[in-house]
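Down below is the structure, laid out as structure tokens.
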Amino acid sequence: EGDPCGETTETLPCNMQACDKDCVLAAWSKWSVCSKACDGGVRTRRRNVKHAAIGRGKCAHVDSKSRLERKKCNEDACVRDATRPLMCQSKIDLVLLLDGSGSVGSTGWAATKVFAKKLVTAFSGPTADTQVAVILFSGPYSYRYMRMCAGSGGSGLSMENDCKVKMVQHYSSDMAATTSAIDGLSWPRGTTLTSQALELALSEITLGRADAEKVVLTITDGIPMSSRSTSMSAGRVKKKARLMFGAVRLSGRGLRYMISWGSRPTSENVLKIRNFQDLESLDTIDTLVVDMCKNITMPTTAPETATAAVTTR
């Protein structure tokens, strides 16, 4: 008889790591520059994900305290002028969305145009580096067109005539022409199809400069026809640009919507505006300019006097 055979199989341990593993975070990033040149901004730093979670492992939310830290900066008050807005010196591609729905009213519409023209002057001047696009929106009256405009489509559908969402002007650095275009706008009335205005803004963003900060500023006084569609559109915009809201006469549910749709931090991206009279005030213009532009030029009482540039630190 021969010798017994040895082991014909051999088992080795493998994949001994846990099936579920929490993510691993990288070290804290450097502090960002201040978000505002004056009036109190914030600097931020983050911890990004170094190794993703495995299985049912957990990972803290990107905006949780364990991954995002903020600290105040540039808390000195901005020096303002009683007759002229602060001047933006940042490189920005701005899409300005103006609500022309029926709820605005004739007085509110007139104030909206005054506001828009004043805002544009903040991006003018020989050292300015901003492009401005303008979109006017309201919305269709009929449910049929509402469905078609919201995405189901239809042959021969006109975004401007049927949906009442109009591209007034593509990106331009000619602020005189921009002011003229705004001045020539008629009040469209209608409903509030904010979602499609945001989608049109998203298309415009693709035409912007690669190295410019993208900003979408929506001036509105009403809750959109579809909060769900608006939420989805806002989410898509925020992946490509900073989304700001000027919420006129809104409180409660309407303001909460704007806060949920706007970029973070809310304090610099959602401005509650008491009424249309306040909308066209220089204080509102200056607040939006300071929130939007990291670099500004302080106005002086004498236009021929050189102004002092203020940049974030």
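Per my numbering, the sequence shown starts with residue 468, numbered consecutively. We put the beta carbon where it would ideally sit given N, CA and C, even for glycine. These numbers were taken from a predicted model, which means no experiment stands behind them.
Outcome for residue i when other beta-carbon atoms lying within 10 angstroms are tallied against a minimum of 16
i, result
"Thr-597", "buried"
"Ser-647", "exposed"
"Tyr-610", "exposed"
"Glu-747", "buried"
"Gly-729", "buried"
"Ser-557", "buried"
"Thr-697", "buried"
"Ala-544", "exposed"
"Ala-578", "buried"
"Tyr-638", "buried"
"Asn-515", "exposed"
"Trp-495", "exposed"
"Ser-502", "buried"
"Thr-687", "buried"
"Thr-550", "exposed"
"Lys-497", "exposed"
"Pro-552", "buried"
"Pro-480", "exposed"
"Pro-471", "exposed"
"Glu-477", "exposed"
"Asn-566", "Correcting the residue identity first, residue 566 is Asp in this sequence and not Asn. Buried, since its Cβ has 16 or more Cβ neighbours within 10 Å."
Where the beta strand (DSSP E) containing residue i begins and where it ends
i, result
"Leu-564", "558-566"
"Phe-604", "596-604"
"Ala-793", "The structure shown has nothing for residue 793, since the chain only spans 468 to 780."
"Lys-681", "680-687"
"Arg-723", "First-last for Arg-723: 720-728, but that is the alpha helix (DSSP H), not the beta strand (DSSP E)."
"Lys-517", "516-518"
"Arg-510", "508-513"
"Arg-537", "535-540"
Residues near residue i in its chain [Cβ-Cβ closer than 6 Å; skip 5 each side]
i, result
"Met-626", "Val-632"
"Ala-520", "Asp-489, Cys-490 and Cys-526"
"Gly-689", "Ser-568, Ser-570 and Thr-659"
"Pro-770", "At Pro-770, the pLDDT of 39 sits below 50, so the modelled position is not reliable and the matter cannot be decided from this model."
"Glu-536", "Arg-512"
"Cys-486", "Gly-522"
"Tyr-612", "Asp-629"
CA nearest to the CA of residue i, picked from the options
i, options, result
"Asn-762", "Ala-589, Asp-548, Leu-652 and Gly-567", "Ala-589"
"His-518", "Thr-511, Ala-643, Ile-740 and Lys-488", "Lys-488"
"Leu-561", "Thr-673, Ser-696, Leu-722 and Thr-733", "Thr-673"
"Lys-706", "Gly-575, Thr-764 and Glu-666", "Glu-666"
"Val-635", "Trp-654, Leu-624 and Thr-478", "Trp-654"
"Ser-531", "Arg-513, Phe-712, Ser-573 and Leu-553", "Arg-513"
"Val-529", "Leu-492, Arg-551 and His-637", "Leu-492"
"Lys-640", "Asp-548, Cys-555 and Glu-477", "The question names Lys, but residue 640 is Ser in the sequence shown. Per the Cα distances, Cys-555."
"Met-765", "Ser-496, Val-546 and Asn-515", "Val-546"
"Asp-758", "Gly-713, Gly-719 and Ser-718", "Gly-713"
"Arg-723", "Ala-708, Pro-691 and Asn-742", "Pro-691"
"Ile-740", "Cys-760, Arg-716 and Leu-564", "Arg-716"
"Ser-499", "Lys-538, Cys-472 and Asp-650", "Lys-538"
"Val-756", "Leu-684, Asn-541, Gly-623 and Leu-624", "Leu-684"
"Asp-650", "Trp-576, Tyr-612, Ser-718 and Asn-628", "Trp-576"
"Thr-645", "Lys-580, Asp-548 and Gly-623", "Lys-580"
"Phe-743", "Ser-573, Thr-478 and Glu-477", "Ser-573"
Span of the alpha helix (DSSP H), counted from its first residue to its last, around residue i
i, result
"Glu-671", "661-672"
"Cys-638", "It is worth fixing the name first, because residue 638 is Tyr in this sequence and not Cys. No alpha helix (DSSP H) holds Tyr-638; the beta strand (DSSP E) holding it covers 632-639."
"Gly-657", "Note, Gly-657: premise wrong, no alpha helix (DSSP H); not H, not E."
"Glu-735", "733-736"
"Lys-706", "Segment: none, Lys-706 is in no alpha helix (DSSP H) and carries neither H nor E."
"Lys-585", "572-588"
"Gly-755", "According to the sequence shown, residue 755 is Leu rather than Gly. Unbroken alpha helix (DSSP H) run through Leu-755: 749-759."
"Thr-645", "642-650"
"Leu-746", "743-746"
"Arg-614", "610-614"
8 Å CB neighbourhood of residue i in its chain, flanking five on each side removed
i, result
"Met-642", "Val-587, Thr-588, Phe-590, Ser-591, Ala-595 and Val-599"
"Ile-726", "Thr-733 and Val-737"
"Gly-569", "Ser-605, Arg-656, Gly-657 and Thr-658"
"Arg-731", "Asp-530"
"Arg-720", "Ile-690"
Cβ neighbours of residue i in the same chain (closer than 7 Å, five flanking residues each side left out)
i, result
"Asp-745", "Thr-751"
"Ala-527", "Ser-533 and Arg-534"
"Ser-693", "Ala-617 and Ser-662"
"Gly-668", "Correcting the residue type first, residue 668 is Ala in the shown sequence and not Gly. Taken in chain order, the residues that qualify are Val-562, Leu-564, Ile-602, Val-683 and Val-704."
"Lys-681", "Asp-560, Ile-672, Gly-675, Lys-707, Ala-708 and Arg-709"
"Gly-524", "Asp-487, Lys-488, Asp-489 and Cys-490"
Proximity test, residue i beta-carbon vs the ligand FMN heavy atom, cut-off 7 Å
i, result
"Lys-761", "Here there are no bound small molecules, and the ligand FMN is not part of this structure."
The segment 751-763 / the segment 584-591 touching (three or more Cβ pairs under 8 Å): By the Cβ test, the segment 751-763 is in contact with the segment 584-591, since at least three Cβ pairs between them sit closer than 8 Å.
Touching by the beta-carbon criterion (3+ pairs, under 8 Å), the segment 660-667 and the segment 695-702: Counting Cβ pairs under 8 Å, three or more are found: they touch.
Inter-stretch contact at 8 Å, needing at least 3 Cβ pairs: the segment 500-514 / the segment 732-745: In short, these stretches touch, since the Cβ pair count reaches three.
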